[in-house]
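Chemist:
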Amino acid sequence: MVNTGDKPEGFEGEGFFATSLGKVIGLARANSLWPLPFATSCCGIEFMATMASNYDLGRFGSERLSFSPRQADLLMVMGTIAKKMAPVLKQVYDQMAEPKWVLSVGACACSGGIFDSYSVLQGIDKVIPVDVYVPGCPPRPEQIIEGLMKIQEMAKGESLRRRDSDEYKRMLESYHIETS
Amino acid sequence: METQMNNKLLEALQGNFPGKILQAETPYGFLTIEIPPADNVEIVSWLQNHEKWDMNFMTDLCGIHYPENEGKEIGVVYHLHSFKNNLRMRIKAFMPKDKAEIQTMTGLFAAANWMERETYDFYGIQFTGHPDLRRILNVDNMDYFPMLKEYALEDETRTDKTDKFFGR
Chain A
545 MVNTGDKPEG FEGEGFFATS LGKVIGLARA NSLWPLPFAT SCCGIEFMAT MASNYDLGRF
605 GSERLSFSPR QADLLMVMGT IAKKMAPVLK QVYDQMAEPK WVLSVGACAC SGGIFDSYSV
665 LQGIDKVIPV DVYVPGCPPR PEQIIEGLMK IQEMAKGESL RRRDSDEYKR MLESYHIETS
Chain B
81 METQMNNKLL EALQGNFPGK ILQAETPYGF LTIEIPPADN VEIVSWLQNH EKWDMNFMTD
141 LCGIHYPENE GKEIGVVYHL HSFKNNLRMR IKAFMPKDKA EIQTMTGLFA AANWMERETY
201 DFYGIQFTGH PDLRRILNVD NMDYFPMLKE YALEDETRTD KTDKFFGR
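Protein chains in written order, with the working numbering: chain A, 545 to 724; chain B, 81 to 248.
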C-alpha cells in the first residue's frame with residue numbers, strides 16, 4: 545500500500561483544490577527530505593538499520609541519501625564529535641543550502657554523552673544550530689524515525705519567509721555562521 | 081632463559097654505562113631500567129647498534145606524569161624490541177616538570193617522530209632536535225597539555241552535569 549502525504553487545509557471542489565503556496569511547498573519539502581548522514585560511531589550503525597529494509601526510511605520520502613552537503617536538506621549527526629571534528633562538521637553545515645535542518649542523534653551528538661572529556665565536543669549545538677534532538681545511547685531506529693518525523697512536522701509548518709527573518713539570521717550569527 | 085638474557089643485558093649496560101643505570105627491575109620478566117634523561121640517545125643508540133643486543137625496533141614511546149615525585153615529575157618511557165633475540169626492554173627517564181626537555185629519538189628511529197609529537201601533545205615534553213614538534217591528536221589551538229594531572233579530565237564546557245550528581 546502506498547501512503548501519500550495528508551492533504552493540507554484548503555478549498556476543494558469539482559476538479560480543483562486551492563490552498564496556500566506555503567503549505568504545498570511545506571508538504572513537498574517534508575516528504576522529500578534528503579538526509580546527509582554524518583555518522584561517526586555506533587549511532588551510525590543504528591542509522592544503517594534505520595535506512596535498511598526493516599525500518600526503511602524511504603517510507604518517509606528520505607530514501608535518497610545525499611553524500612554531498614550541497615544537495616542535502618537534513619544533516620543527521622550520529623555519533624561522538626571530537627573537538628577536532630567540530631570545524632569539519634561546521635563546514636559541512638555551511639555548505640548545505642537553505643532550507644536546512646539538523647537532527648542530532650544520540651547522547652554524544654546531543655551533549656557529549658559519556659565522553660565528558662577534554663577531547664570531545666560537548667554537544668554539536670556548541671557549533672551548529674540543532675532542530676531535533678534524539679536521545680539514547682544509541683537510540684533505536686524507531687526513535688530515529690520519530691526524530692525524522694519531527695523534522696517533517698517542522699518542514700511542513702515552516703513559514704516560507706522564516707529563513708529570511710532577522711531572528712533566523714541572528715540565530716546563525718550567534719553561531720558565527722555567515723549569512724548572505 | 082628470559083631471566084638470563086635480562087641479567088646479561090643489564091650487566092652489559094651497567095658495564096658500559098657505569099652509574100647511568102639508576103634503577104633496574106624486571107616486572108613480569110620485562111627488563112626495566114631508569115636512565116638520566118641526558119643520556120637517552122647515547123644508551124638507546126648503543127643498544128640499537130650493538131651486534132649482540134640489536135634492539136632494532138621501537139615498540140612504543142610515551143610520557144607519564146607523577147606529580148608527587150618532586151624533581152622527577154615528568155617521565156618518558158621507551159619500549160625497545162630486539163627481533164633477533166626475541167627480547168624486549170623498557171627504558172624510563174624522568175625530568176623535573178619545569179624543565180621537561182629530552183633529546184629526540186628521531187635520529188635513531190623514524191617511528192619516534194609521531195610518538196614524540198603525541199607525547200608532546202599530551203604532556204608538553206620538549207624533544208630537542210625533533211624536526212616538526214607540533215600537536216598531532218588534539219586540536220591545534222589547545223592551550224594546555226591535557227594529560228598533566230593538574231587538569232581535570234572532564235570538559236569545562238559541559239552543561240548538563242552538575243557537581244551535585246557527579247562529584248566535580
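Ideal placement from N, C-alpha and C gives every residue a C-beta, glycine not left out.
Just so we're clear, the structure is a prediction, and the values are computed from it rather than from any experiment.
Can you check which of these residues, B:Ile144, B:Trp194, B:Trp126, is closest to asparagine 136 of chain B by C-alpha distance?
Modeler: Against the second sequence, residue 136 of chain B aligns to sequence position 56. The shortest Cα separation from asparagine 136 of chain B among B:Ile144, B:Trp194, B:Trp126 belongs to B:Trp126.
Chemist: Starting from the C-beta of histidine 210 of chain B, find all residues in its chain whose C-beta is less than 7 Å away, skip the five residues before and the five after it, and write them out in chain order.
Modeler: As a first step, residue 210 of chain B must be located in the second sequence, where it is residue number 130. Contacts found: Thr184, Thr186, Glu196.
Chemist: Nearest to leucine 580 of chain A by CA position, among A:Ser564, A:Leu601, A:Ala562, is which residue?
Modeler: The sequence position of residue 580 of chain A within the first sequence is 36, counting from 1. Comparing Cα-Cα distances from leucine 580 of chain A to each of A:Ser564, A:Leu601, A:Ala562, the minimum goes to A:Leu601.
Chemist: Would a check of beta-carbon distances place methionine 230 of chain B closer than 8 Å to chain A?
Modeler: Along the second sequence, read from residue 1 onward, the residue named residue 230 of chain B stands at position 150. The sequence given here has glutamate at residue 230 of chain B, not methionine. No, no contact with chain A.
Chemist: Only counting runs of 3 or more residues, tell me where the beta strand (DSSP E) segments fall wholly within the region 641 to 699 of chain A, in order along the chain.
Modeler: As far as the region 641 to 699 of chain A is concerned, its whole beta strand (DSSP E) runs of at least 3 residues are 645 to 649, 676 to 678.
Chemist: Hey, would you say valine 540 of chain A sits closer than 8 Å to methionine 629 of chain A, going by beta carbons?
Modeler: Because chain A is modelled from 545 through 724, residue 540 of chain A falls outside the range shown and cannot be assessed.
Chemist: Would you say lysine 241 of chain B reaches chain A, if we count a Cβ-Cβ gap shorter than 8 Å as a contact?
Modeler: Looking up residue 241 of chain B in the second sequence gives position 161. By this cut-off, lysine 241 of chain B is an interface position.
Chemist: Is lysine 132 of chain B helix, strand or coil by DSSP?
Modeler: Here residue 132 of chain B refers to the residue found at position 52 of the second sequence. It is coil, neither helix nor strand.
Chemist: Got a sec? Which residues, its chain only, sit under 6 Å from glycine 549 of chain A by beta carbon, not counting five neighbours each side?
Modeler: The sequence position of residue 549 of chain A within the first sequence is 5, counting from 1. Closer than 6 Å at Cβ, skipping near neighbours: Leu571, Asn575.
Chemist: Just to confirm before moving on: does the CB-CB distance between isoleucine 154 of chain B and isoleucine 113 of chain B stay below 8 Å?
Modeler: Residue numbering aside, residue 154 of chain B sits at position 74 when the second sequence is read from its first letter. Residue numbering aside, residue 113 of chain B sits at position 33 when the second sequence is read from its first letter. Result no, Cβ atoms of isoleucine 154 of chain B and isoleucine 113 of chain B do not sit closer than 8 Å.
Chemist: Going by DSSP, which residues form a beta bridge with lysine 172 of chain B?
Modeler: For the purposes of this step, residue 172 of chain B is identified with residue 92 of the second sequence, where counting begins at 1. Answer is B:Glu114, B:Val157.
Chemist: Quick check on the DSSP output: the alpha helix (DSSP H) that includes leucine 93 of chain B runs from which residue to which?
Modeler: Your numbering for residue 93 of chain B matches position 13 in the second sequence. Where leucine 93 of chain B is concerned, the enclosing alpha helix (DSSP H) stretches over 82 to 96.
Chemist: Establish whether the CB of aspartate 223 of chain B and some CB of chain A are separated by less than 8 Å.
Modeler: Position 143 of the second sequence holds residue 223 of chain B. No, no contact with chain A.
Chemist: Using beta carbons (cut-off 8 Å, strictly below), is threonine 237 of chain B in contact with chain A?
Modeler: For the purposes of this step, residue 237 of chain B is taken as the residue at position 157 of the second sequence. True, the Cβ-Cβ gap to chain A drops below 8 Å.
Chemist: Under 7 Å Cβ-Cβ, which residues of chain A neighbour valine 219 of chain B?
Modeler: By 1-based counting over the second sequence, the position of residue 219 of chain B is 139. Neighbours of valine 219 of chain B on chain A, chain order: Lys627, Lys628.
Chemist: Listed from N- to C-terminal order along the chain, which residues in the region 654 to 687 of chain A have their beta-carbon within a distance smaller than 8 Å of any beta-carbon of chain B?
Modeler: Listed in sequence order: Ser655, Gly656, Asp660, Ser661, Tyr662, Ser663, Val664, Gln666, Gly667, Lys670.
Chemist: Consider the Cβ of proline 147 of chain B: report whether some Cβ of chain A lies at a distance smaller than 8 Å.
Modeler: Locating residue 147 of chain B in the second sequence gives position 67, counting from the first residue. Output row for proline 147 of chain B: interface = no.
Chemist: I'd like to know whether the C-beta atoms of leucine 213 of chain B and tyrosine 224 of chain B end up nearer to each other than 8 Å.
Modeler: Taking the first residue of the second sequence as 1, we reach residue 213 of chain B at position 133. Taking the first residue of the second sequence as 1, we reach residue 224 of chain B at position 144. The answer is no: Cβ separation not under 8 Å.
Chemist: Are three or more beta carbon pairs between the region 657 to 676 of chain A and the region 232 to 244 of chain B nearer than 8 Å?
Modeler: Taking 8 Å as the limit for Cβ pairs, the verdict is that the region 232 to 244 of chain B does touch the region 657 to 676 of chain A.
Chemist: If you measure from the beta carbon of glutamate 234 of chain B to each beta carbon in chain A, is any gap under 8 Å?
Modeler: What you label residue 234 of chain B is simply residue 154 of the second sequence in a count that begins at 1. Interface residue, yes.
Chemist: Are there three or more Cβ pairs, one per stretch, closer than 8 Å when the region 704 to 712 of chain A is compared with the region 81 to 96 of chain B?
Modeler: In short, these stretches do not touch, since the Cβ pair count stays below three.
Chemist: To the nearest angstrom, report how far apart aspartate 617 of chain A and aspartate 220 of chain B are at their CA atoms.
Modeler: Position 73 of the first sequence holds residue 617 of chain A. Position 140 of the second sequence holds residue 220 of chain B. Cα-Cα distance, rounded: 31 Å.
Chemist: DSSP on phenylalanine 555 of chain A, reduced to helix/strand/coil?
Modeler: In the first sequence, residue 555 of chain A corresponds to position 11, counting from 1. DSSP places phenylalanine 555 of chain A in strand when its eight states are reduced to three.
Chemist: Which residues in the same chain as glutamate 607 of chain A place their Cβ atom closer than 6 Å to its Cβ, once the five residues preceding and following it in sequence are excluded?
Modeler: Your numbering for residue 607 of chain A matches position 63 in the first sequence. Excluding residues within five positions, none has a Cβ falling inside 6 Å.
Chemist: Considering only the alpha carbon of each residue, which of B:Met138, B:Gln128, B:Val121, B:Glu131 lies closest to tryptophan 194 of chain B?
Modeler: As a first step, residue 194 of chain B is located in the second sequence; it is residue number 114 there, counting from the start. The shortest C-alpha separation from tryptophan 194 of chain B is found at B:Met138.
Chemist: Would you kindly work out how many angstroms separate the C-alpha atoms of isoleucine 573 of chain A and serine 663 of chain A, rounded to a whole number?
Modeler: The sequence position of residue 573 of chain A within the first sequence is 29, counting from 1. The sequence position of residue 663 of chain A within the first sequence is 119, counting from 1. For the record, residue 573 of chain A in the displayed sequence is arginine; it is not isoleucine. Each residue's alpha carbon lies about 37 Å from the other.
Chemist: Taking DSSP as the reference, what is the three-state secondary structure of phenylalanine 163 of chain B?
Modeler: Position 83 of the second sequence, counting from 1, holds the residue named residue 163 of chain B. In the structure shown, phenylalanine 163 of chain B sits in coil (DSSP, three-state: anything other than H, G, I, E or B).
Chemist: Within the same chain, show all residues whose beta-carbon is closer than 6 Å to that of leucine 716 of chain A, passing over the 5 residues directly before and after it, in chain order.
Modeler: Here residue 716 of chain A corresponds to residue number 172 of the first sequence, with the count starting at 1. Closer than 6 Å at Cβ, skipping near neighbours: Thr723.
Chemist: Give the list of continuous beta strand (DSSP E) stretches no shorter than 3 residues that lie fully inside the region 173 to 228 of chain B.
Modeler: Complete beta strand (DSSP E) runs here, min 3: 181 to 183, 206 to 208.
Chemist: Mind reading off the beta-carbon distance from glycine 691 of chain A to cysteine 652 of chain A? Whole number of angstroms is fine, and I expect it under 8 Å.
Modeler: Translated into positions along the first sequence, residue 691 of chain A becomes position 147. Translated into positions along the first sequence, residue 652 of chain A becomes position 108. Not confirmed; about 15 Å, so no contact.
Chemist: Under a three-way DSSP split, which group does phenylalanine 582 of chain A fall into?
Modeler: As a first step, residue 582 of chain A must be located in the first sequence, where it is residue number 38. Of the three classes helix, strand and coil, the one that applies to phenylalanine 582 of chain A here is strand, per DSSP.
Chemist: Do you know offhand how far proline 613 of chain A's Cα is from cysteine 681 of chain A's?
Modeler: As a position in the first sequence, residue 613 of chain A is number 69, starting the count at 1. As a position in the first sequence, residue 681 of chain A is number 137, starting the count at 1. Each residue's alpha carbon lies about 26 Å from the other.
Chemist: What is the residue span of the alpha helix (DSSP H) that glutamate 105 of chain B lies within?
Modeler: Taking the second sequence and counting its residues from 1, one reaches residue 105 of chain B at position 25. Note, glutamate 105 of chain B: premise wrong, no alpha helix (DSSP H); beta strand (DSSP E) at 103 to 105.
Chemist: At a CB-CB cut-off below 7 Å, which residues of chain A make contact with proline 98 of chain B?
Modeler: Position 18 of the second sequence, counted from the first residue, corresponds to residue 98 of chain B. Per Cβ cutoff of 7 Å: no residues; proline 98 of chain B is ~43 Å from chain A at best.
Chemist: Can you tell which of B:Gly204, B:His130, B:Ile115 has the C-alpha that lies nearest to the C-alpha of phenylalanine 249 of chain B?
Modeler: In the structure as shown, chain B begins at 81 and stops at 248. Residue 249 of chain B is therefore absent and cannot be evaluated.
Chemist: Rounding to the nearest angstrom, what Cα-Cα distance links glutamine 103 of chain B and histidine 720 of chain A in this structure?
Modeler: On the second sequence, position 23 is the one that residue 103 of chain B refers to. On the first sequence, position 176 is the one that residue 720 of chain A refers to. Looking at the two C-alpha atoms, the distance is approximately 55 Å.
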